[in-house]
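Asker:
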Amino acid sequence: MQLFSLVSVLLASIYAGSAALVASGGAPACTNEEITYETYIGKDNNVKVSYSHCDEDPLVSADGAIVDALTKRQSNNVCGAACNTFCFTPSGNGPSTGDCSIIADALLYDSQNVGVLFNVSATGTPTNKITMQYQTCLTYFLNQDFSTLIYCRTEWSKLVTWLSTDCDAANNAQGGLCVATDQRWYVQ
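So the sequence shown is residues 117 to 304, counted in our numbering.
(1) Can you tell me which of the three DSSP states residue 214 falls into?
(2) Please report how far the alpha carbon of residue 206 lies from the alpha carbon of residue 214, in whole angstroms.
(3) When you compare the CB positions of residue 336 and residue 282, do they come within less than 7 Å of one another, or not?
(4) If the criterion is Cβ atoms closer than 7 Å, does the pair residue 290 and residue 204 meet it?
(5) To the nearest angstrom, how far is the alpha carbon of residue 224 from that of residue 195?
(6) Relative to the C-alpha of residue 269, which candidate in 158, 151 and 152 has its C-alpha closest?
(7) Identify the continuous alpha helix (DSSP H) that holds residue 276 and give its terminal residues.
(8) With burial defined as no fewer than 16 other Cβ atoms inside 10 Å of the residue's Cβ, what is the status of residue 220: buried or exposed?
(9) Could you check where the beta strand (DSSP E) with residue 307 kicks off and where it finishes?
(10) Please tell me whether residue 227 and residue 264 are closer than 7 Å, where the distance is taken between their beta carbons.
(11) By a C-beta neighbour count over all protein chains shown, 10 Å radius and 16 as the cutoff for buried, is residue 151 buried or exposed?
(12) Please work out which residues of its chain come closer than 7 Å, Cβ to Cβ, to residue 170, disregarding the five sequence neighbours upstream and downstream, and give them in chain order.
(13) Taking Cβ to Cβ, would you say residue 249 is nearer than 7 Å to residue 164?
(14) With 16 other CB atoms within 10 Å as the buried threshold, where does residue 271 fall?
(15) Rounded to whole angstroms, what's the CA-CA distance from residue 301 to residue 217? Just pull it up for me.
(16) Starting from the C-beta of residue 191, find all residues in its chain whose C-beta is less than 7 Å away, skip the five residues before and the five after it, and write them out in chain order.
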């Protein structure tokens, strides 16, 4: 029963995050990623969700640079927290805006049917990264903090939509990411 509760909470948080990776290049690398759980979400159960952990999570600063350490922060509820967006250039092989809208819609569907908020466990735990994919579009929420964070599916949906439309080939990009101003998390 505890595993079911954990999975339900994780699924809820997958769609509430505010960092969307809607790209195919330029993204921080995850070494030796270990997937601990996979499922499908959305009205049609067509968006794949994976909970995972990387041996060495790439820490990304608020200005988009990969760094060695981050400063400890306060509140665990980061729903609606500000983040800085960056697009991956040059354009080419980016995700389809239509595919990304399927993920954004699935997040909104789950926010209404599962709950708006979700938890993402602390960095270094087996499930500090939540990934969603539908065909060419991939997005994930990575917790860089040392404590569990709470995010919202509605904000993650907005980020997926924004990154897939403003960081597309028409804007000389191939996706992007949004890094929390306090550097505790990012969505790609």
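For every residue, glycine included, the Cβ atom is placed at its ideal position computed from N, Cα and C.
Answerer: Let's see:
(1) helix
(2) 20 Å
(3) Residue 336 falls outside the range modelled here, since the chain spans only 117 to 304, and no answer is possible.
(4) yes
(5) 14 Å
(6) 158
(7) 269-282
(8) buried
(9) This structure cannot speak to residue 307, because the chain is shown only from 117 to 304.
(10) no
(11) exposed
(12) 146, 147, 148, 149 and 245
(13) yes
(14) buried
(15) 22 Å
(16) none
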